[in-house]
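Quick note on the numbering used here: the sequence shown kicks off at 173 and runs consecutively. Each remark here refers to the structure printed beneath this line.
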Amino acid sequence: MRGRGRGRGGRGGFSPAPRNTQHPTDSKIATPALSTLHHVTDRKLSKLADHHDKFEADKKEILAKFVSASDDQSKVEALLDGFEQYGITAKHPELSISNLKRFVHQAKHDPSVSASLLTDWQSKLKHELDVTSVKYEYAALFGKLVIEWIKNPNPAISTVDNDVDSEGTETPESFDPVGRKEMHEQRKEWENYAFNERNVDQEKIDGYLNEIFGTTLQAKKVTKTPLQHLRDSMKRVMDFKSDLQPAKPKNTLHDNDWEATITAHRLTVDTLKSCIRGVLQSDLLVGAKREALADLENQPAVLKELVDVLNMDLEGLDKWEWDPSPISLHMRRQLNGKYRVYMDEETHQAILLHFVGMTWAVAFKQAFTTFYHSGAWLQSPYRSMNKKARQRREYFDRGSKNNHYNVRNLRRESYQNDYFMTQLPSSGFEEHRDYAAEDQDASSGSSKSPLATKQAMLRLVTSELLLNTKVYDEFLVLQSDFKWFGPSLPHDTIFAVLKFFGVPGKWLRFFKKFLEAPVVFAQDGPDAEAKVRKCGIPMSHILSDALSEVVLFCLDFAVNKRTGGANIHRFHDDLWFWGQESTCIQAWNAMQEFSNVMGLQLNEEKTGAALVVADNSKARPLSTSLPTGPIKWGFLKLDASSGRWVIDRAQVDEHIEELRRQLAACRSIMAWVQAWNSYMSRFFSTNFGRPANCFGRQHNDMIIETYEHIQRSLFHGTNTTNVTDYLRRMLKEKFGTDDSVPDGFFYFPFETGGLGLQNPLVNAFATYRKSFRDPGQRIDRASEDEQTDYDNLKESWDSGDYRPKRNNHSPLPKDESETDAEGDEPFMSFEEFTRYREETSAHLRDAYSNLQECPPEEQVETPPEILAALRERSLEETPYWLWIYNLYGGDITKRFGGLQFGERDLLPVGLVDVLRSEKVRWEG
């Protein structure tokens, strides 16, 4: 590598940033933790440069003595003496300095030690010196790349974090009116919703809810109805006074008696830490403000003080106001091209709101779950088994009576556990779930992460398609969402629903203050006029999620009731429904009714329906009672004629242009890599649908072909054909390196001194051979297993091995299709045996479950020496990383003497981790 650049890389050090004298969590100035990391990094790079300089000087002297040596034996001795004199340790496991000294001594007196052997020892020792030089060079290059990253943040980040003066207030220089045309258009539409009060008929909403929940209000003398239990639970949220003191007489607890209702529910240091993590996860705060909040979790003394302050705030919630006011608004671009509006609120306030929001979110989830299990929620599958059919089944099939292992019950369990009110936390202070995030890794973290839930929804829909077309010959799916749901949700609608569910008036007043925030767009400058929100919910607040989910819970129950027991599958306002045509029409009517009553609007652009039939010769047009439009998920479109998902290449091409723009806006190579990873390995991979059994191998082929197209298109016209060649050119232009930079340097992780570039194709290749060739055959195999079960039962019946006694007073009811003469008792037909497969077939359940699984990633064969090296350095051994290490490891080991580009204790890995933790901010 040319231009190794042993400069000290900012040896002067980073000046520690001054502490803000205001609230400890309000600083927009670098935190002590980050300043310390900067300082440690500078010291590391300085020490690295010193070590490098010393080594190169030592190496020069050793090689000078080597060159002046008179014979091969003396040359080896010169190298060995240099290693010993300068404390150089040979890293190659087969190179022992002590052994070589013995062998050289032998060579002086033993003529059988050949000259070629001496030459080989020379070569190995010189290679060891060269390897060390190269490792220093790449460690120094890594340090330069980190420094470049620090000094050159992306423009998208710098415009979010406004300049601040010593008092922590925005300076006029922070005013930036620049923005893309799309941003201004979307801002205008957002303002049209947010600042205009949308009046709805609250009496109409109340009447609708009374009609929907009417059956749960029927009079009972002893027990309370499910709705009454729900309403009672609302009165107990953050109200534990009754648990501590005798109950007050009726009407003595005034509606605004906050002290009596709040004081028992106090924060502790542990819950405060959870709230801090929740605010960080919500991505509400960015830049230095986020760093300050992250640093706060490691300051025990400050945490204790903050707990006291927050508890005092809780006691005075009746007087709570947004402070400071107005709150600055910032627009951030998402990868899908949409802009989201965030409030840059005071950090202490964000923590308080998160605590209140999380408490209410858990309370709502628990109350709605109790309601779900109360019996009010209907459970009725298509073609449900009646009493007569069940009696005949139990009579002929001895094991069917206790058979709960079926598709129907699996569906119910899946809906309860994975989709019912999934946006709300079930208990405790779980992490905030950003349902709209599109550049996170769905394969990482909890199985119930938002993106994992979206992926599971796609697999569920596809598995239902395969099952229904095989069992019932057709499948109908319906999809929709609400247009600008967050900004357009009327406040009157929220309060009408909250009142119906019995939320106390004091909390309604608090929620009203929360929703009616005084705001101003930061880009409008310091003299812009503040406005009060009159509609919609603030972005990235768990309290917003809780309030919106209360409204959408009514939709869930309305669809369940209107369809007689079917469930809408919903992730926030993404709506999915499938089944038979008549049921889908009922569900669609229920969605429209709900929207009209609640003052919401279904999004025509994202609303559609598709009918998939097993035999295309029997295809028919959709009912006019259903919406038109394609069924889409991410970059996928459902092809109704084949029943397969296909990638929309036109949509991909639009994002190739956007990716090119975003990469061009990156001002450092590491920021470029981070943007690439977010866009290619997370955003694209997520929206293609990760390989799954229900998609089959054809889906892997489609993903591979699309990624090949993306990379060729992205670098077209750059005189490069792939990402590694493009990055080599960037390194050459910025740091004077040559074309010898190995591929592994780009793909190896930060911990080794690599750039951590991700290859999105690995998953598609790693799951390729395990993917089903034809997913429909999995249902066919279940049918064959059912045939085998039927044949065995019939054979046992016909042979007389099993013939139960029948009660003469209770004759076995005949099947509707039975035409045998009176007195005959033939075994049930195969058609009757399989008529209610969703309730009777364990084989069908296994197939249905198996189709929703993802094929395992194959692990490449890994030599023991690579595994030992990974474990020695505590590096990941996931299928992805084993693939990368085996693909590039041979070349890296040969050139660097192992899998490490530089000594880990000299690499600024800690600072890189902090920089990577900040979510990518896209150029707007």
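Glycine included, each C-beta is placed from N, C-alpha and C at the ideal position.
Practice item. Evaluate contact between the region 841 to 849 and the region 925 to 933, counting only Cβ atoms and requiring at least three cross-stretch pairs below 8 Å. Key: yes
Practice item. With distances taken Cα to Cα, identify the nearest neighbour of residue 220 among 306, 537, 784. Key: 306
Point to revise | Whole-Å CB distance - residue 1008 paired with residue 557, under 8 Å assumed | key: 4 Å
Exercise for review: In the DSSP assignment, find the alpha helix (DSSP H) that holds residue 714 and state where it starts and stops.
Suggested key: Per DSSP, residue 714 belongs to the alpha helix (DSSP H) from 714 to 734.
**Study point:** residue 472 in three-state terms, based on DSSP
**Key:** Of the three classes helix, strand and coil, the one that applies to residue 472 here is helix, per DSSP.
**Study point:** DSSP state of residue 767 mapped onto helix, strand, coil
**Key:** helix
Check your understanding: How many Å lie between residue 564 and residue 733 at the Cα?
Key -> 30 Å
Review point. Can a CB atom of chain C be found closer than 8 Å to the CB of residue 1046?
Key: Looking for chain C here will not work: only one protein chain is present.
Practice item. Answer yes if the region 826 to 838 comes into contact with the region 867 to 879, meaning at least three C-beta pairs across the two stretches below 8 Å, and no otherwise. Key: No, the region 867 to 879 does not touch the region 826 to 838.
Exercise for review: Report the three-state DSSP secondary structure of residue 502 (helix, strand or coil).
Suggested key: strand
Review point. Would the region 929 to 940 and the region 628 to 640 be scored as touching if the rule is three or more Cβ pairs under 8 Å?
Key: no
Review point. Helix, strand or coil: how does DSSP classify residue 597 here?
Key: coil
Practice item. Taking only the alpha-carbon atoms, compute the straight-line gap between residue 474 and residue 525 and give it to the nearest angstrom. Key: 19 Å
Exercise for review: Determine the direct distance from the alpha carbon of residue 246 to that of residue 240, and round the result to whole angstroms.
Suggested key: 9 Å
Review point. Whose C-alpha, out of 229, 765, 685, is nearest the C-alpha of residue 383?
Key: 765
Check your understanding: What residue does the alpha helix (DSSP H) around residue 631 start on, and which one ends it?
Key -> In this chain, the alpha helix (DSSP H) harbouring residue 631 covers 622 to 643.
Exercise for review: Under 8 Å by Cβ, that's how I've got residue 660 and residue 773 pegged, so tell me the actual separation to the nearest angstrom.
Suggested key: 7 Å
Practice item. Assign residue 396 to buried or exposed, taking buried as 16 or more other Cβ atoms, counted over all protein chains shown, within 10 Å of its Cβ. Key: exposed
Point to revise | Contacts around residue 872, its chain only, beta-carbon distance under 7 Å, and the 5 residues preceding and following it disregarded | key: 863, 936, 939, 940, 943
Check your understanding: Helix, strand or coil: which one does DSSP assign to residue 808?
Key -> strand
Point to revise | Own chain, CB closer than 7 Å to residue 1012, minus 5 neighbours either side, in chain order | key: 565, 572, 575, 578
Review point. Hey, residue 865 and residue 997 are a contact pair by Cβ (cut 8 Å); roughly how many whole angstroms apart?
Key: Residue 865 to residue 997, Cβ: 42 Å. No contact.
**Study point:** Boundaries (first-last residue) of the alpha helix (DSSP H) holding residue 750
**Key:** Not the alpha helix (DSSP H): residue 750 falls in the beta strand (DSSP E), residues 746 to 751.
Check your understanding: Closest to residue 987 by CA distance: which of 922, 970, 1005 is it?
Key -> 1005
Point to revise | Best match in 233, 264, 364 for proximity to residue 1037 [C-alpha to C-alpha] | key: 264
**Study point:** Contact set for residue 428: own chain, Cβ-Cβ below 6 Å, skip 5 residues either direction
**Key:** Here the model assigns residue 428 a pLDDT of 41, short of 50, so the residue's position is not dependable and the matter cannot be decided.
Review point. Residue range of the beta strand (DSSP E) that residue 515 falls in?
Key: 511 to 516
**Study point:** the region 635 to 654 touching the region 771 to 787, judged by at least three CB pairs closer than 8 Å
**Key:** yes
Review point. Does the distance from the C-beta atom of residue 595 to that of residue 713 stay below 8 Å?
Key: no
**Study point:** Which listed residue (299, 286, 624, 637) has its alpha carbon closest to that of residue 948
**Key:** 637
Practice item. Measure the beta-carbon distance from residue 786 to residue 946 and round it to whole angstroms, keeping in mind my assumption that it falls under 8 Å. Key: No, residue 786 and residue 946 are not in contact; Cβ-Cβ is about 14 Å, not under 8 Å.
Check your understanding: Using 8 Å as the Cβ pair cut-off and three pairs as the minimum, do the region 462 to 473 and the region 501 to 516 touch?
Key -> They do not touch, by the three-pair rule.
Review point. In or out: residue 441 buried (at least 16 other Cβ within 10 Å) or exposed?
Key: Looking at its Cβ environment, which holds fewer than 16 other Cβ atoms inside 10 Å, residue 441 is exposed.
Exercise for review: Following the continuous alpha helix (DSSP H) through residue 441, name the residue where it begins and the one where it ends.
Suggested key: 441 to 454
Point to revise | Candidates 818, 782, 923, 367: closest to residue 641 by CA position | key: 782
Exercise for review: Tell me whether residue 662 sits in a helix, a strand or coil according to DSSP, three-state version.
Suggested key: DSSP places residue 662 in strand when its eight states are reduced to three.
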